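In the working numbering, the protein residues as written are 2 to 331.
Just so it is clear, CB atoms sit at the ideal spot from N, CA and C, and this is done for glycine as well.
Predicted model, so just to flag it, every value in this text is computed and none were measured.
First comes the structure, then the notes that go with it.
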C-alpha cells in the first residue's frame, strides 16, 4: 500500500538520492558529498532524529503537514539541514481502500511541507492500530563547528522565543469541542510556521545555544538547557508570547493530558504563587528558544520579524547559578 501511495505523490527528483521511493529496493540510498551541502568534507556530520504521535485532528492532510514540520524541527534546533525522511504511519483498522485514502492524505500533506523545505520523502513503513498516527525519521547534515547545542548558555545572554505558546491546551479544547474556531485557526497558523527561517537567522547571528519547544513545554526544555550549561535563568512573564486561546481555555481548566507530567518541574521554579500554566504546556511544531548576546538581540529580533515571525520576543536572561540550576519567573 505504501509504495503505491508514494508513487502518486509529487516528490521532486534529487540527484543526491540514488535509490528512493520509486526504486522498490529494501532501503533508500543517497549520495553524501560535502560539496552538495556547501560544507567542508572534514566538517560534514550527519544528524538524525525521529518523532511520532497520534493524530489530534480529524483532517489527515493537515495532520500530515504538522507532523512533517514537527519532525524536522529538531534538526533546525541544531542548525542542521534536513535532507531525507522516512514515514512511520499507523492506520486504523478498516478496508484497504479506506486505509489507502487516509494514507494518501497524510503523505500528501507531509510531502507538501517537505517539498517546501527541500526534504525528500524516500520511503517508510505502515502498520495497523486503533488510532491514526504518523511520524518521520529525518536525516540531515551540518557543519560540526556550527551546531547549536543545549549546553552553550552563557550568563548575560538573553533568551529569545520565536513563536507563542499554548497549542497543547488549545488542541485539547478543540478535541473536546470547547475551543472557538478563531482560537483554533490562530494556533494552526502558528504551528504551520516552519523553524527553518528562525534557524537561518540564528546561524547568521552566531547563536550557539538553542532548542525547540515541544512536548516538555517551555519549562522542561529550558531546564534541559540550564542543566547542560550549569547556569540559571530569569524569565519575565509579561514578555512571553502566549496565544489568546490558551488564556481562554486554561482559565476553564482545560489543559493537555501531558500538562501534569510537565508540571512536576514546578519545584525547580521560583515564582510568587502558582507558576503560570503556559510554562508546562506541550507544543506541537513549537518555536525555537535560543540565547544571544544582549547587544545582538535587537537586530536579531528585527530580522526574525522580517521573516514573518511577528511574535518573537526576548523572554528572559541567563544568570549565574549559585547552587543547582533554577528557573526564576517574574
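Taking 8 Å as the cut-off, decide whether the C-beta atoms of residue 310 and residue 266 are in contact.
-> No.
Give the secondary structure of residue 178 by DSSP, where H, G and I count as helix, E and B as strand, and everything else as coil.
-> Three-state result, residue 178: coil.
Would you say the stretch 29-36 touches the stretch 94-113, given that touching needs at least three Cβ pairs under 8 Å?
-> No: the two stretches stay apart, fewer than three of their Cβ pairs being nearer than 8 Å.
Cα-Cα, which of 268, 297 and 122 is closest to residue 20?
-> Nearest C-alpha to residue 20: 122.
Beta bridge counterpart(s) of residue 119 as assigned by DSSP | DSSP output for residue 119 lists no bridge partner at all.
Exposure of residue 174, with buried meaning 16 or more beta-carbon neighbours within 10 Å = Residue environment: residue 174 is assigned as buried (16 or more neighbouring CB atoms within 10 Å of its CB, all protein chains considered).
To the nearest angstrom, report how far apart residue 13 and residue 182 are at their CA atoms.
-> Going by the C-alpha atoms only, they are around 35 Å apart.
Are residue 118 and residue 205 touching if we call contact CB-CB under 8 Å?
-> The answer is no: Cβ separation not under 8 Å.
Is the beta carbon of residue 185 less than 8 Å from the beta carbon of residue 171?
-> Result yes, Cβ atoms of residue 185 and residue 171 sit closer than 8 Å.
Would you identify the three-state DSSP class for residue 272, choosing helix, strand or coil?
-> DSSP places residue 272 in coil when its eight states are reduced to three.
Quick one: grab the DSSP three-state call for residue 47.
-> Strand, per DSSP.
Assigned exposure category for residue 155 - 16 Cβ within 10 Å defines buried | By the neighbour-count rule (16 or more Cβ atoms within 10 Å), residue 155 is not buried but exposed.
In angstroms, rounded to a whole number, what distance separates the CA positions of residue 53 and residue 246?
-> When rounded, the distance between both Cα atoms is 25 Å.
Using only alpha-carbon positions, find the residue among 10, 328 and 290 that is nearest to residue 151.
-> Selected option, being the one with the closest Cα: 290.
Cα-Cα separation between residue 255 and residue 168, rounded to whole angstroms = A straight line joining the alpha-carbon of residue 255 with that of residue 168 spans about 12 Å.
Drop a sphere of 10 angstroms on the beta-carbon of residue 44, count the other beta-carbons inside from all chains shown, and report buried for 16 or more, exposed for fewer.
-> Counting C-beta atoms within 10 angstroms of its own C-beta, residue 44 has fewer than 16 neighbours from the protein chains shown and is therefore classed as exposed.
Go ahead and label residue 36 buried or exposed: buried means 16 or more other beta carbons lie within 10 angstroms of its beta carbon, across all protein chains shown.
-> Residue 36 counts as exposed, since fewer than 16 other C-beta atoms from the protein chains shown sit within 10 angstroms of its C-beta.
Is residue 146 closer than 8 Å to residue 56 when the C-beta atoms are compared?
-> No, the Cβ-Cβ distance between residue 56 and residue 146 is not below 8 Å.
Alpha-carbon to alpha-carbon, residue 107 and residue 81 | Our two residues, residue 81 and residue 107, have alpha carbons roughly 25 Å apart in a direct line.
Where do the ends of the beta strand (DSSP E) carrying residue 138 lie?
-> Counting along the chain, the beta strand (DSSP E) containing residue 138 begins and ends at 134-144.
Does DSSP put residue 321 in a helix, a strand or coil?
-> Residue 321 falls in the coil class under three-state DSSP.
On the DSSP bridge assignment, give the partners of residue 67 in chain order.
-> Residue 67 has no beta-bridge partner at all, per DSSP.
How about residue 286 and residue 67: do their beta carbons lie closer than 8 Å?
-> Cβ atoms of residue 286 and residue 67: closer than 8 Å.
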